[in-house]
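Chemist: The structure is given below, and queries will be raised subsequently.
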Amino acid sequence: MTLPKARIGGRKSRFFQPFSAVPELSLYLTEQTARIDAALERLLPSAGTPPATLHAAIRHSIFAGGKRLRPVLLLAACEACGGDAEQALPAACAVECIHTYSLIHDDLPCMDDDDFRRGRPTCHKVYGEAIAVLAGDALQPMAFELLLQSPAGPGYSAAGMVRELAVTAGSLHLIAGQVRDLEGEGKKISFDELRLVHEGKTAALLTASLRLGAMVAGATPAQLEAVTAFGHALGLAFQVIDDILDVTQTSEKLGKTAGKDAASEKSTYPAILGLEASRAEASRLTDEARAALGHLGPASRRLGEIAGYLLQREF
Ligand code: GRG
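The working numbering applies: residue -17 is where the sequence shown begins, and numbers increase by one.
Quick look at the structure:
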């Protein structure tokens, strides 16, 4: 894949292609991603911090132009539950660190073996495999260090928040999803098995991000339950859309190699259901996510708008 030079060198988070349906949402998302980028810039070790290669590799991947979806959701959930998003910023950076580590490791030759991610060469392509493994390793404890800089709201504890992220990133969720995905390559897996892959790889971290935002806000049990249901449905919708985009979009647009799922004989929603039924499923899951917000009231408007936006995204 040859990517345009501007994209390869680009550092700006690119979540937010203009979204004419809700221009005010575009502005909100642009502001939130800039806020998260600034917090990451402030909270992560500088590129020159020894060992400089390691920190440069971490920054190469963190500032490669990801959409910042998980931290944006964390901040929006905090606000939806009546909290102060400023206090949730370190937690938002923490979930982005876990997400970025998972991408760095997923791109390694022993896993998905990808040369491009977020529109630039993958970490191991620039820094070599050993440093890429170590950059991913370092991002994990860094995430917990950052998480501890966000206060737990009334009714919650720092230990509970650490547990939330640890369980999500561990062998029962994120890594379970990756193992199921690897073991499913070249095989026909059932719809239910595919859902388990998506719950682990995608929905778990999206849901934990929302729950951590709610915890900083000191959410009521009903509010926590609402963001959890929203996250689960949104996470599945996001992955169905991701699978569709892998088939319908170019590598240039996606910033990663398109058509990878079919090439590695992965079971995906389009492969199992076809494109049209996959679009319908993404739409159904988005409706389910929005319905879960009913319990949160008007403060959750942004979360609902983001769900609608994701359904229409092109990368
Ligand atoms: C523990 C190695 C390891 C992997 C865990 C997260 C994961 C499983 C693998 C990464 C690859 C992948 C396709 C995961 C599914 C979730 C997903 C669609 C990730 C991409 O998220 P975006 O689109 O990425 O939010 P950006 O780059 O915009 O942040």
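Ideal Cβ positions, reconstructed from N, Cα and C, are used throughout, including at glycine.
(1) What is the DSSP secondary structure of Pro91, counted as helix, strand or coil?
(2) In or out: Ala141 buried (at least 16 other Cβ within 10 Å) or exposed?
(3) Ignoring anything shorter than 4 residues, give me the alpha helix (DSSP H) runs that lie fully in the region -3 to 41, in order along the chain.
(4) Leaving out the 5 sequence neighbours to the left and right, which residues in its chain are closer than 6 angstroms to Gly166 when beta-carbon positions are compared?
(5) From the DSSP output, read off the bridge partner residues of Arg99.
(6) Can you tell me the Cβ-Cβ gap for Asp215 and Ala274, rounded? I've got them flagged as a contact below 8 angstroms.
(7) Please report the residue range of the alpha helix (DSSP H) in which His214 lies.
(8) Residues in the same chain with beta-carbon distance under 6 angstroms from Arg(-11), minus the five sequence neighbours each way, listed in chain order, please.
(9) Here's the rule: buried if 16 or more other CB atoms are within 10 angstroms of the residue's CB, otherwise exposed. What is Pro53?
(10) Confirm the yes/no value for this check: CB of Thr300, any heavy atom of the ligand GRG, distance under 7 angstroms.
(11) Which class does Phe173 belong to by DSSP, given the choice of helix, strand or coil?
(12) Measuring only from the beta carbon, is Gly64 closer than 7 angstroms to any heavy atom that is part of the ligand GRG?
(13) Extract the residue ranges of the alpha helix (DSSP H) inside the region 242 to 281, only unbroken runs of 4 or more that lie entirely within it.
(14) Out of His37, Leu187, Leu90, state which residue places its alpha-carbon closest to the alpha-carbon of Leu121.
(15) Any heavy atom of the ligand GRG closer than 7 angstroms to the CB of Arg100?
(16) Arg34: buried (16+ other C-beta within 10 angstroms of its C-beta) or exposed?
(17) With a threshold of 7 angstroms (Cβ to nearest heavy atom), would Gln299 be considered close to the ligand GRG?
(18) Under 7 angstroms: does the beta carbon of Lys49 sit that close to some heavy atom of the ligand FAD?
Modeler: Let's see:
(1) What you label residue 91 is simply residue 109 of the sequence shown in a count that begins at 1. It is coil, neither helix nor strand.
(2) Position 159 of the sequence shown holds residue 141. When all chains shown are included, Ala141 counts as exposed.
(3) 5 to 25
(4) Taking the first residue of the sequence shown as position 1, residue 166 is located at position 184. For Gly166, where only same-chain residues beyond five positions count, the Cβ hits under 6 angstroms are Ser249.
(5) Start at 1 with the first residue of the sequence shown, and residue 99 comes out as number 117. DSSP lists Arg102 as partners of Arg99.
(6) The sequence position of residue 215 within the sequence shown is 233, counting from 1. The sequence position of residue 274 within the sequence shown is 292, counting from 1. First, the amino acid is wrong: residue 215 is Ala here, not Asp. Indeed, because the Cβ distance is near 6 angstroms, the residues count as touching under 8 angstroms.
(7) Here residue 214 refers to the residue found at position 232 of the sequence shown. Its alpha helix (DSSP H) spans residues 203 to 230.
(8) Reading the sequence shown from its first residue, position 7 is the one you call residue -11. For Arg(-11), the predicted structure reports a pLDDT of 33, less than 50, and the residue's modelled location is therefore unreliable. The matter cannot be settled from this model.
(9) Within the sequence shown, numbered from 1, the residue matching residue 53 stands at position 71. With 16 or more other Cβ atoms within 10 Å, it is buried.
(10) For residue 300 there is no data in the structure shown, the boundaries of the chain being -17 and 297.
(11) In the sequence shown, residue 173 corresponds to position 191, counting from 1. If DSSP states are grouped into helix, strand and coil, Phe173 belongs with the helices.
(12) On the sequence shown, residue 64 is found 82 positions in, with the first residue counted as 1. Result no, Cβ not under 7 angstroms from the ligand GRG.
(13) 242 to 245, 251 to 255, 257 to 274
(14) Within the sequence shown, the letter at position 139 stands for residue 121. Out of His37, Leu187, Leu90, His37 has the C-alpha closest to the C-alpha of Leu121.
(15) In the sequence shown, the residue the question calls residue 100 occupies position 118. At least one heavy atom of the ligand GRG is nearer than 7 angstroms to the Cβ of Arg100, so yes.
(16) Locating residue 34 in the sequence shown gives position 52, where the first residue counts as 1. Reading off the sequence, residue 34 comes out as Ala, not Arg. With fewer than 16 Cβ atoms within 10 Å of its Cβ, Ala34 is classed as exposed.
(17) Missing from the structure shown is residue 299; the chain here goes from -17 to 297 and no further.
(18) Because the ligand FAD does not appear in the structure shown, any question about it cannot be addressed here, the ligands present being the ligand GRG.
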